[in-house]
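To start, the structure under review is shown below, and the notes come after it.
There are 2 protein chains.
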Amino acid sequence: MMQKPLEVLKEYIRFPSVSTDPAYTEGMIGARKFVTGLLKQLGFTVEVVETDLHPILLADRIGDLAWPHVVIYGHYDVQPADPFALWTDDPFNPIERDNRLYGRGAADNKGPTIVHMAALSRVFEANPNLPLNITYIIEGEEEIGSPSMPKFFDQYAERLSKADFMLVSDTGSPNSEQIVITTALRGLVDLEIKLRGSKSDLHSGIHGGAVYNPNQALMEICASLHKPDGSVNIPGFYDDVVPVLEWEREELKRYPETVESYRALLDVPAFYPANGLNPLEAVRFGPTLEFNGIGGGYQGEGSKTVIPSKAFAKITCRLVANQDPIKIQAQIIDTIKERCPDGVRLTVREGGIAEAYLVVPPDRSNTPDDQPASLARAFKAADSAIASNFGKAPIYLREGGSIPVISDFKKRAGLDALMIGLFTPIDNLHAPDESFSLPLMENAISAFEAIIQEIATGK
Amino acid sequence: MMQKPLEVLKEYIRFPSVSTDPAYTEGMIGARKFVTGLLKQLGFTVEVVETDLHPILLADRIGDLAWPHVVIYGHYDVQPADPFALWTDDPFNPIERDNRLYGRGAADNKGPTIVHMAALSRVFEANPNLPLNITYIIEGEEEIGSPSMPKFFDQYAERLSKADFMLVSDTGSPNSEQIVITTALRGLVDLEIKLRGSKSDLHSGIHGGAVYNPNQALMEICASLHKPDGSVNIPGFYDDVVPVLEWEREELKRYPETVESYRALLDVPAFYPANGLNPLEAVRFGPTLEFNGIGGGYQGEGSKTVIPSKAFAKITCRLVANQDPIKIQAQIIDTIKERCPDGVRLTVREGGIAEAYLVVPPDRSNTPDDQPASLARAFKAADSAIASNFGKAPIYLREGGSIPVISDFKKRAGLDALMIGLFTPIDNLHAPDESFSLPLMENAISAFEAIIQEIATGK
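Line order of the protein sequences matches chains A and B. My numbering runs 1 ahead of the 1-based position in the first sequence. My numbering runs 1 ahead of the 1-based position in the second sequence.
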């Protein structure tokens with residue numbers, strides 16, 4: 002039987018499990034051991050899967066193979082707490098204030114992990130023989146891009162593919178009353194173009210007029226990558242884009258944000274969405290091509306009359322379901338090569354890619370029979386459990402961000418994900434004064450109790 | 002009577018007169034006193050004109066007001082010598098090697114100054130009553146942009162306007178046998194545009210698709226400032242451009258550089274000159290708009306999926322004669338404002354400006370009567386003195402760089418300039434191992450002897 006969930010969460014946060022910083026190795030070990038203890042207490046068999054950096058916890062509670070089988074995914078690592086000076090209190094000594102628990106990892110992802118475990122604990126207490134197979138995967142490198150997960154899939158995909166679907170709470174909801182069930186994540190394509198003109202920077206008086214300034218060539222190439230309407234100007238870019246369905250637009254209307262409140266939040270003078278989407282739709286339903294960083298020539302104060310030798314642009318795309326990131330990356334690179342003038346030399350760094358992910362809720366799917374019955378039960382259970390515990394039915398919504406590991410679970414092991422968002426914008430993820438709402442935590446535990454019960458025993 | 006010119010130059014270089022660095026105040030004082038001594042020795046009355054930083058030396062040798070009157074301009078300050086480690090020897094302890102004198106300031110501008118003074122010394126020795134009025138202006142802030150010269154002009158323009166023209170040797174020649182007489186300098190316009198979108202950097206997954214990425218807006222605006230043929234795409238930009246005359250193209254053909262040798266020197270894959278000029282013409286005869294520095298968003302290694310809040314572009318134009326920098330600056334800013342999308346906020350830093358300068362050699366002028374007779378004599382004397390002392394007639398050529406003080410002398414005091422280039426590309430101006438050719442020095446002294454004699458007494 003688990004302790005009071007809030008106390009367990011506090012204890013968990015006290016292990017400073019910053020995966021990116023070797024100075025926190027002890028915190029990583031501590032958090033891992035702590036979670037291992039919780040899993041064992043819940044009756045799981047825990048395997049510590051070694052990686053090149055931080056081990057992955059792989060835990061099983063397997064009974065009859067005919068039972069439904071769910072994978073629960075989470076991570077025990079957290080973002081760095083720097084800058085410490087901007088925290089009201091010690092990030093690794095959690096404090097309750099105004100119905101919130103403050104501390105690094107409170108919302109991402111330690112709070113949601115404790116929600117799941119507390120719910121399991123209550124369900125198991127009432128029904129120790131619950132007919133549900135569960136595989137827990139809690140990794141320690143999510144905050145540094147999950148570099149060990151591909152190898153993990155190589156090793157365990159077949160075993161995982163025996164499960165029916167996944168439960169994940171590593172996405173967001175707009176506030177602690179309105180829960181979102183995330184139905185999609187965008188994919189990612191990363192690349193960088195570097196241009197070189199002359200062998201070194203040139204005096205703009207002596208040589209200006211003869212050479213193609215790499216800054217100019219870079220900006221001309223990059224400016225050609227969008228059309229005036231804001232859409233991406235790369236042949237074939239939109240070919241495979243999955244359409245927005247009417248029910249998705251309707252769900253979004255229930256989202257507690259207006260275009261104007263969103264504009265005020267970001268403090269932009271105007272929005273610039275493409276393809277006839279409104280701004281709230283565009284960040285969820287449309288693919289993008291963004292210039293994350295550009296640079297070339299003099300970067301200091303004032304002016305320096307130089308023609309730079311080099312310029313660069315760092316480009317990433319967010320892709321929607323059905324777009325193939327490998328194909329898109331190649332299309333972008335081909336287009337850039339074609340448009341690069343012969344006055345400069347082009348080199349391209351091909352960065353990482355990630356596939357988009359999309360799950361159609363079974364009750365809205367045209368082909369519901371393709372999904373496991375337990376997934377349909379889980380969605381249905383989540384819908385009613387969230388409605389009754391939070392007072393509002395969940396909104397089913399695609400999200401603009403990317404969680405590559407989710408599409409990998411789908412691709413490598415065939416598992417769809419029921420993603421119930423337990424953090425909100427005011428939780429300050431990745432920022433100082435991260436916190437987790439205690440009322441949301443309590444409601445979520447009750448909701449997950451009902452969901453788990455229903456997956457196992459519902460008809 | 003002056004000492005051996007080489008020894009005088011060595012002594013002059015030993016004063017480390019770095020104007021930009023307060024640590025060299027003593028070097029500045031030493032160089033100033035040294036030049037003052039030389040001027041007095043030559044019979045000049047020297048006035049030390051105080052400024053906010055380094056005083057200007059204003060020296061006169063005035064006899065009969067009916068005599069021709071020439072202003073000689075130079076500077077006693079030098080560029081910093083850093084990085085010292087890249088010098089073969091101490092930059093402030095000049096060393097002779099392979100017929101060159103190495104040391105900071107050897108070519109820019111101490112060598113040319115000693116050339117002028119040695120020539121004067123020889124002329125005065127032969128003819129102490131030379132019928133020539135001379136005003137010497139040697140400033141101490143040329144290497145930091147001559148900030149005190151505008152105030153100096155306010156104070157002395159009327160007095161200077163009584164002179165006929167200027168003699169300057171602060172421009173370049175291709176090598177120590179082929180001297181260039183510079184007939185024009187380009188003007189300059191400086192400005193910076195800064196764009197701001199959202200109030201802080203945004204997550205490209207959560208918000209990508211809704212907002213106008215400032216990097217994108219910046220690149221689209223900047224890309225619109227040139228046409229595909231490389232010409233500047235700003236209404237009115239070329240309206241006042243002075244045409245290239247046939248004799249100027251012919252002169253350039255004598256310049257010891259081919260398009261291919263120039264391309265190899267810069268190591269660019271191809272040139273990109275606009276307006277039908279070849280690359281060697283374009284850097285001298287055409288105006289430009291260059292992006293000296295651009296930046297926005299993530300600048301580190303690899304990728305970061307951010308939509309930046311801000312982006313900037315530092316822009317300078319080189320203008321040719323007749324283009325009004327104030328008008329051009331306003332045209333650029335108006336164009337950028339017009340083309341700036343409403344998804345971002347634009348601010349503009351209006352930087353400094355400088356007018357272009359052009360003197361038509363009197364024998365090629367359509368209106369030679371507008372120029373003082375002594376200027377015509379000076380050009381003619383320079384032509385034959387250079388031909389006989391260097392073995393090759395000078396090339397009359399516009400230069401791509403800017404020396405704002407030259408156009409100011411024209412604008413404020415009506416003085417045209419005879420600019421005889423005494424440094425060459427291998428002299429390493431502003432770089433380690435600066436040096437000055439000793440054969441060029443000796444030839445130049447003889448040439449200037451003849452020129453000065455001819456200005457004073459020629460018919």
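Heads up, the beta-carbon is just placed ideally off N, CA and C, and yes, glycines get one too. All values derive from a computational prediction rather than experimental measurement.
From residue i to residue j, what does the alpha carbon distance come to, in whole angstroms?
i, j, result
"ASP165 of chain A", "PRO69 of chain A", "7 Å"
"ASP505 of chain B", "ILE222 of chain A", "This structure does not reach residue 505 of chain B, given that chain B is present from 2 up to 460, and the question cannot be answered."
"GLY206 of chain A", "ILE57 of chain B", "26 Å"
"TYR263 of chain A", "GLU251 of chain A", "18 Å"
"ASN323 of chain A", "PRO274 of chain B", "45 Å"
"PHE85 of chain A", "ASP91 of chain A", "8 Å"
"ILE427 of chain B", "ALA108 of chain B", "10 Å"
"ALA445 of chain B", "ARG123 of chain B", "13 Å"
"VAL349 of chain B", "LEU192 of chain B", "7 Å"
"VAL181 of chain B", "THR21 of chain B", "29 Å"
"ILE354 of chain A", "LEU43 of chain A", "37 Å"
"PRO244 of chain B", "ILE387 of chain B", "28 Å"
"ASP65 of chain A", "GLY173 of chain A", "34 Å"
"LEU7 of chain A", "HIS431 of chain A", "21 Å"
"LYS163 of chain B", "GLN372 of chain B", "14 Å"
"ALA414 of chain A", "LEU439 of chain A", "34 Å"
"PHE286 of chain B", "SER403 of chain B", "13 Å"
Just curious, the alpha helix (DSSP H) that residue i is in, first and last residue?
i, result
"GLY353 of chain B", "Run containing GLY353 of chain B: none in the alpha helix (DSSP H); it sits in the beta strand (DSSP E), 346-355."
"LYS34 of chain B", "26-42"
"ASP335 of chain A", "326-340"
"VAL361 of chain B", "Looking at the DSSP string, VAL361 of chain B is not in any alpha helix (DSSP H), and its letter there is neither H nor E."
"LYS11 of chain A", "6-14"
"LEU430 of chain B", "Note, LEU430 of chain B: premise wrong, no alpha helix (DSSP H); not H, not E."
"PHE391 of chain B", "374-391"
"PHE410 of chain B", "405-414"
Along the chain, where does the beta strand (DSSP E) containing residue i start, and where does it finish?
i, result
"ARG399 of chain B", "396-399"
"ARG197 of chain B", "188-197"
"TYR1 of chain B", "Past the boundaries of the shown model lies residue 1 of chain B; chain B is included only from 2 to 460, so the question cannot be answered."
"CYS318 of chain B", "311-320"
"GLU48 of chain B", "46-50"
"LEU461 of chain B", "Limits of chain B in this structure are 2 at one end and 460 at the other, which puts residue 461 of chain B out of reach."
"LEU102 of chain A", "101-103"
"PHE437 of chain A", "436-438"
"ILE96 of chain B", "96-98"
"VAL169 of chain A", "166-169"
Since residue i contacts residue j with CB under 8 Å, what's their CB separation in whole angstroms?
i, j, result
"LEU121 of chain A", "VAL71 of chain A", "Their Cβ separation, rounded to whole angstroms, is 11 Å, which puts LEU121 of chain A and VAL71 of chain A out of contact at 8 Å."
"ILE135 of chain B", "ILE96 of chain B", "Actually they do not touch by this definition, with Cβ atoms about 32 Å apart."
"LEU423 of chain B", "VAL116 of chain B", "6 Å"
"TYR157 of chain A", "ALA60 of chain A", "With a Cβ gap of about 12 Å, TYR157 of chain A and ALA60 of chain A do not count as contacting."
"ASP370 of chain A", "LYS381 of chain A", "Actually they are not in contact, since the Cβ atoms of ASP370 of chain A and LYS381 of chain A sit about 15 Å apart, beyond 8 Å."
"MET420 of chain A", "VAL169 of chain A", "5 Å"
"ARG33 of chain B", "TYR77 of chain B", "6 Å"
"PRO17 of chain A", "PHE93 of chain A", "4 Å"
Should the segment 203-219 of chain B be regarded as contacting the segment 425-437 of chain B, the criterion being three or more beta carbon pairs within less than 8 Å?
no
Touching by the beta-carbon criterion (3+ pairs, under 8 Å), the segment 309-322 of chain A and the segment 194-202 of chain A
yes
The segment 181-189 of chain B touching the segment 441-456 of chain B, judged by at least three CB pairs closer than 8 Å:
By the Cβ rule, the segment 181-189 of chain B does not count as touching the segment 441-456 of chain B, because fewer than three pairs are nearer than 8 Å.
Secondary structure, alpha helix (DSSP H): runs of 4+ residues fully inside the segment 254-290 of chain B:
260-267 and 280-286
For a minimum of 3 consecutive residues, which ranges assigned as the beta strand (DSSP E) are wholly contained in the segment 108-163 of chain B?
Runs found: 134-140.
Complete alpha helix (DSSP H) runs within the segment 193-242 of chain B (minimum length 4 residues, chain order):
205-208 and 215-224
List in chain order: all unbroken beta strand (DSSP E) runs of 3+ residues lying wholly within the segment 52-86 of chain B.
Taken in chain order, the complete beta strand (DSSP E) segments of 3 or more residues contained in the segment 52-86 of chain B are 57-62 and 70-76.
Is it true that the segment 383-402 of chain B meets the segment 142-151 of chain B, where meeting means three or more beta-carbon pairs spaced less than 8 Å apart?
no
The segment 103-111 of chain B in contact with the segment 38-46 of chain B per 3-pair CB rule at 8 Å
no
Do three or more CB pairs link the segment 401-413 of chain B to the segment 354-373 of chain B at distances below 8 Å?
yes
For the structure I just gave you, are there three or more beta carbon pairs, one from the segment 251-260 of chain A and one from the segment 278-297 of chain A, closer than 8 Å?
yes
Can we say the segment 228-240 of chain A touches the segment 292-310 of chain A, given the rule of at least three CB pairs closer than 8 Å?
no
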